[in-house]
DNA sequence: TTTATTATAGAACAAATGTACTAATATTTT
DNA sequence: AAAATATTAGTACATTTGTTCTATAATAAA
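Residue numbers (our numbering), protein chains in the order written: chain A, 1 to 198; chain B, 1001 to 1198.
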């Protein structure tokens, strides 16, 4: 593993546990026993570390979405997989979803990219719903304008569940995962066609 | 208006527009043309300002909930009012909902209080739903375990909508309010009894 | 009106932080 | 092996930030 990768791994670990605002480049260097000078040789600016972590996050989302797009024949299980994959990613990079938009939005490279990626994800999930309605898995007696609303609800809960968990139950591991899935699945349950209610 | 109040007003204004992490006690003092020394005469620690703003936020929530509790005969309109009041409060203090739990959770006085207040709000909203089911406004053919889930979904979307808006459409004013209400109302629409679908 | 108090300004300090610089060491290329 | 390049440690510096200190000024109490 290269020093760069080690820095990123250490950074995300420290950020996730202590929060971005409390972790400085010196902390990261100290944690992995290298000098501050060395760290800034690999990442000139501390912001560049956060930027690199964001790129990792986006990369993981993209590879997952690419897989999903290949599946022409979307099934209900894909939706569950989607939620579970989202949970894993938001867990690994939970600092981005917990530290709010405050810090992240102040990094220009991220700010410029964020809107684009969220829009893309929304469109993709919208397609999945469309196909599931067509297949009769979701109800087809509803006005079409409800689907974008459902997609948005899914994203808000998916993205900010960790933040909410932090200020309420503080669940971890399997319990956290179960609660997350319960909330996400509960969101589209009312829209399932009657025959699929299981 | 006392200097203390002026400091809090200036602080929330600056925090809301620039984010907590970018605003220091010096910025606040400069914005209102007083000396740093004077500011720290009124608030010994910068954190105390955030703590005081949090107390304001909680206070506004409490006065609203107290009104609602007096209404013995809960109607559907109360639910909409509830959402609208929540929107106003989360807008006025949106920094707390945008800067994430990261900063806020590091202030002990807030951390200790936050869980309590969220739980209280959840219970109160749970009661409202219970009464609305009883009155036949919400469906009574559903398993009772779905109501806590719905309450939690409502709170996540209610609390973090501003954060989500920041990274997507960045709506403001009336448009923001309309979108917020659309998402919140869309959440409980599927649970309305058939006769109430209007 | 004198005295006490509260409020304010402005300078000063210490700690933290990002980052640049220098020299040494390791690694790769030729 | 020699030269070039990449990596590392350690130090140093400037800036920012929270906070304290001291001296005035304003206000309230006596």
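Using N, Cα and C, we set each Cβ at its ideal position, and we do this for glycine too.
The alpha helix (DSSP H) enclosing residue i, as first and last residue numbers
i: residue 97 of chain A; result: 94–98
i: residue 1045 of chain B; result: No alpha helix (DSSP H) contains residue 1045 of chain B, which DSSP labels as neither H nor E.
i: residue 126 of chain A; result: 108–134
i: residue 25 of chain A; result: 25–31
i: residue 1007 of chain B; result: 1003–1018
i: residue 1155 of chain B; result: 1146–1167
i: residue 1179 of chain B; result: 1173–1188
Buried or exposed (CB count within 10 angstroms, at least 16 for buried), residue i
i: residue 35 of chain A; result: exposed
i: residue 1158 of chain B; result: buried
i: residue 1108 of chain B; result: exposed
i: residue 1066 of chain B; result: exposed
i: residue 141 of chain A; result: exposed
i: residue 1174 of chain B; result: exposed
i: residue 1094 of chain B; result: buried
i: residue 143 of chain A; result: exposed
i: residue 1090 of chain B; result: buried
Min CB distance residue i to chain B below 8 Å
i: residue 187 of chain A; result: yes
i: residue 13 of chain A; result: no
i: residue 56 of chain A; result: no
i: residue 6 of chain A; result: no
i: residue 101 of chain A; result: yes
i: residue 98 of chain A; result: yes
i: residue 160 of chain A; result: yes
i: residue 183 of chain A; result: yes
i: residue 149 of chain A; result: yes
i: residue 20 of chain A; result: yes
i: residue 106 of chain A; result: yes
Member of the options whose CA lies at the smallest distance from the CA of residue i
i: residue 7 of chain A; options: A:21, A:41, A:22; result: A:41
i: residue 1128 of chain B; options: B:1180, B:1150, B:1056, B:1111; result: B:1150
i: residue 68 of chain A; options: A:110, A:126, A:27, A:45; result: A:126
i: residue 1168 of chain B; options: A:189, A:121, A:55, A:73; result: A:121
i: residue 166 of chain A; options: B:1193, B:1110, B:1161, B:1105; result: B:1105
i: residue 962 of chain B; options: B:1074, B:1001, B:1012; result: Residue 962 of chain B is absent from the model: chain B starts at 1001 and stops at 1198.
i: residue 218 of chain A; options: A:72, A:76, A:5, A:62; result: This structure does not reach residue 218 of chain A, given that chain A is present from 1 up to 198, and the question cannot be answered.
i: residue 1182 of chain B; options: A:102, A:90, A:152, A:62; result: A:152
i: residue 145 of chain A; options: B:1133, B:1170, B:1179; result: B:1179
i: residue 1119 of chain B; options: B:1155, B:1028, B:1089, B:1193; result: B:1155
i: residue 184 of chain A; options: A:80, A:111, A:123, A:137; result: A:80
i: residue 1084 of chain B; options: B:1102, B:1028, B:1072, B:1064; result: B:1064
i: residue 205 of chain A; options: A:92, A:102, A:133, A:124; result: Given that chain A is displayed from residue 1 to residue 198, the structure contains no residue 205 of chain A and the question cannot be resolved.
i: residue 1192 of chain B; options: B:1054, B:1160, B:1133; result: B:1133
i: residue 49 of chain A; options: A:1, A:5, A:187; result: A:5
i: residue 1017 of chain B; options: B:1072, B:1029, B:1092, B:1044; result: B:1092
Sequence-distant residues of its chain with Cβ nearer than 7 Å to residue i (five each side left out)
i: residue 1177 of chain B; result: 1087
i: residue 1031 of chain B; result: 1010, 1014
i: residue 171 of chain A; result: 165, 179
Cβ shell of residue i (< 8 Å), same chain only, five flanking positions each side left out
i: residue 99 of chain A; result: 15, 19, 20, 21
i: residue 58 of chain A; result: 113, 117
i: residue 1003 of chain B; result: 1034, 1038, 1042
i: residue 163 of chain A; result: 97, 98, 100
i: residue 1130 of chain B; result: 1147
i: residue 1023 of chain B; result: 1011, 1014, 1015
i: residue 1051 of chain B; result: 1107, 1109, 1110
Closer than 8 Å to chain A by CB, residue i
i: residue 1173 of chain B; result: no
i: residue 1168 of chain B; result: yes
i: residue 1152 of chain B; result: yes
i: residue 1126 of chain B; result: no
i: residue 1118 of chain B; result: yes
i: residue 1156 of chain B; result: yes
i: residue 1144 of chain B; result: no
i: residue 1163 of chain B; result: yes
i: residue 1115 of chain B; result: yes
i: residue 1190 of chain B; result: yes
Same chain, Cβ closer than 6 Å to residue i, neighbours up to 5 away in sequence not counted
i: residue 1046 of chain B; result: 1025
i: residue 54 of chain A; result: 110
Any non-hydrogen atom of the ligand FAD closer than 7 Å to residue i Cβ
i: residue 93 of chain A; result: Absence of the ligand FAD is noted for the structure shown, with no ligands found whatsoever.
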